[in-house]
Amino acid sequence: MTRPPTSFGPSMSGSRRSLAMSGSRRSQAMSGNSQADVGHSSASARASMTTDRRSSSCQPRQSTAGPSRRQSFFQSSLQPAGVPRDPRPLKDRSFQARIGKELVEYMACNGFEAQTGHVLSPDAMKSPTQKDFNYMFQWLFHRIDPNYKFIKNIEHEVPPILKWLKYPYERSITKSQLAAVGGPNWSTFLGLLHWLMLVAKMLDGYMSKRSTDDMSRFQIMYDYLRDAYKDWTSSDMGDKSDDEVLAPHIETMARRSEQLRSKRMEELRDLEEEKARLLEEMEDVKNLKNDESTIDKDNEEIEKILADHERYHNEARLCIDKYQNRIKKREQELVHLDQEIKEEEEKHKKLESEVAAHGISMEEVHRMIDERERVKEELKSATTRLGDAKKNVDEEKLKIRSMLGELKQTVKTYNSLAYRIGIVPATACNAKGGDYELKLVVNDGSDFTSPNLQSSGSGALKSTEELQTNGMAGNQPGHIVNLDLRGHVLPYLRELQNEISERCNAAEERTMKDDERLEAIKKATVYQADELEALDEKIREAEYKHGLLAEANKTRRQETKAELDKMAQTVTRLELKLNNLKNDEQHLEDEEMAKTAEFEQLQIEQQERQGLSAKMRRTLDIVVDTKIEIQHDLEQFEKLVNDELAALEQAEQGDCEQGPRRE
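First residue of the sequence shown? That's 1 in the UniProt record's numbering, and the numbers climb one at a time after it.
Given below as structure tokens:
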């Protein structure tokens, strides 16, 4: 049986040699890239245990059995053309800060400064020096390979090490960049150091037996190789062929692989059910967000209308007080003028009686006539002023009537908005049995345009009482509307606002729980990706086995031909053996066809898994967008609430300042 080709890399010590490649493969899975599996490198890379330093890599030896139709399992896998793109957001400042913090904590916990004698500056993760990078890289690689010695400059040492470790993005790092790691290229090297840290952590986990990976798929392959090699090397094989010896082990491996696959399919179905349930919860959260946005808008409009109504109510009350004072002054002037006219008339009669009783000269009569004319002119002037005063009173009453109409429209608008937010009528969802419908207590039939308030009698007085219950202070808000807006309605609206805020907080908590479930789904997706790598490893094993069987078949044919030339006397026995060989060849061809069919089936399953991974990524994108929208809406609502509270405080301060001013 032909031994597999070998290749050489940097020296490794102890059991860490076989684990280095496993840590590399784990780190590639965590970075989210479907790179070539490096698990077989641990089997093909033979580290030197007697020398301190060897070449970082060399090409594997080609098989001497001629060209093969498929690639050997132990040959290096081909890399895709071009420079691969790193999907990690290395340019993001927050991502750099996070991985830099993890790197600093790891070095601090494992004695970086004590082992290297080098102290890092506080800004080493933002703008490091070349010396800082050299010490960090050498220390991290020594965590992977303690016996490796750095001899050349760092720009000559790093590329072969990254190629040996199968770093997925080693072709994007050049020697010129390694000579100056600071500046715009630091994000690339920070990602490289973080990747080395993850590899070292994985090796530490394997060494301390703290690995959380499911090793069942590797255990199946290990049991197969162990048992098959044990039977193949045993001395009691007799006349059994290699296929007969390996057949039971292949059947056992296939059965255990199928059991593991069934278990993974059940877990996949559970994840799909969980995904459907989370999608339904996302729809419920979206609907709740729409309802909350409508309530927020209505609440904002009501707050604005209440502020406008209070401001207008205060202005109208001031205007009513001012015009009532003017009307009282005009009425007092009119009474005073009437008294003056009566006194003049009595005085005139008295003078006429005195004139009749006493003889008076013409000059005195003319003087009396002039005095009378003067009195008439004053009376005419007083009558004109009285008409102007009545006219002013009528105009003021018309203005009051107009203000009353505007007040009714404001009340109507308030009731409409209160109905929309659910506090009117008393049986509404947010009313809680309270009556918050605003009504005017002023009679619509009041006459505010009476041309003569004094002559209209009790009817005029009754109509003026509609808007003037107190002749000195005017009406209070409780005399015009049936509710105490400031003392009863406004506190309830604030309480309703707080209740709505609590609903929003509850919705945010549910969103956080959904995020935790999605994080669990993401971890399960990574786990399924690891299983996909295991299937790829099975495919490579099948290819390797096919190559070994083909070489063994060719060797047996050559030995049979030599025996035919040497042993002509045993033609019958040789013909029987030839027939057996033909049967073996047919059996090998049938087995090759079966392996080909199994390989195609594994490819189909790999495509299905890739489709499921793409759907899962789309689902995560939708959930992240929804969370961002909800957070943005909550921030806007919080800003609006703060603005409204500030406006209400200013309005209350204004009312407090106006109250003492009126007093």
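Backbone N, C-alpha and C fix where the C-beta goes; we use that ideal spot for every residue, glycine too.
Buried is the label assigned to Ala534, since at least 16 other Cβ atoms lie within 10 Å of its Cβ. Remark: fewer than three beta-carbon pairs, one from each stretch, lie closer than 8 Å, so the region 92-102 and the region 173-181 are not flagged as touching.
If you ignore the 5 residues before and after Leu490, its C-beta comes within less than 7 Å of the C-beta of Leu306, all in its own chain and listed in chain order. Going by C-alpha positions, Asp515 is about 56 Å away from Leu404. The Cβ atoms of Glu300 and Leu645 lie no closer than 9 Å to each other.
By the criterion of at least three beta-carbon pairs nearer than 8 Å, the region 264-277 is in contact with the region 518-529. Per DSSP, the beta-bridge partners of Leu440 are Val481. Separation of Ile369 and Glu363 (C-alpha to C-alpha, rounded to the nearest whole angstrom) is 10 Å. Under the three-state reduction of DSSP, Thr116 is assigned to helix.
The region 309-317 makes no contact with the region 417-433; the number of CB pairs closer than 8 Å stays below 3.
The closest CA to that of Ile327, considering only Ile302, Gly387 and Glu371, is found on Gly387.
When His366, Ala552 and Thr384 are compared, the shortest CA-CA separation from Glu333 is found for Thr384. In the three-state scheme derived from DSSP, where H, G and I count as helix and E and B as strand, Ile423 is classed as coil. Segment contact: the region 193-201 against the region 133-146, three or more CB-CB distances shorter than 8 Å; contact assigned. Counting only residues of its own chain and dropping the five nearest sequence neighbours on each side, Asn415 has a CB closer than 8 Å to the CB of Val424, Glu437 and Leu438. Close CB contacts of Asn553 within its chain, under the 7 Å cut and outside five residues either way in sequence, are with Glu585 and Leu588 (chain order). Counting only the Cα atoms, Gln603 lies some 40 Å from Glu155. Pro122 counts as exposed, since fewer than 16 other C-beta atoms from the protein chains shown sit within 10 angstroms of its C-beta. Tyr169 is positioned such that its CB atom lies no closer than 9 Å to that of Asp284. Taking C-beta atoms as the reference points, Ala507 and Leu288 count as a pair closer than 9 Å. A distance below 8 Å between beta-carbons, with the five flanking residues on each side excluded, links Leu90 to the following residues of its chain, in chain order: Gln96, Ser187, Thr188, Leu190 and Gly191. Nearest C-alpha to Lys230 among Pro248, Gln528 and Phe218: Pro248. Rounded to the nearest whole angstrom, the C-alpha separation of Cys429 and Asp298 is 15 Å.
Judged by their CB atoms, Arg256 and Glu531 are not nearer to each other than the 9 Å cut-off. Per DSSP, the continuous alpha helix (DSSP H) segment holding Leu162 begins and ends at Ile154 to Trp164.
Between Lys322 and Thr626, the C-beta gap is not smaller than 9 Å, which leaves the two residues out of contact. Proximity to Tyr106 across Asp204, Lys615 and Arg226 peaks at Asp204, based on C-alpha coordinates. Sorting Glu244, Met253, Arg617 and Pro128 by C-alpha distance to the C-alpha of Tyr224 places Met253 at the top.
Excluding the 5 residues flanking it on each side, Lys131 has same chain C-beta neighbours closer than 8 Å at His118, in chain order. Taken atom to atom, the span from the alpha-carbon of Arg617 to that of Ser172 is near 26 Å. Going by DSSP, Thr188 is part of the alpha helix (DSSP H) stretching over Trp186 to Met207. Tyr169 sits in coil when the DSSP states are folded into three classes, being neither helix nor strand.
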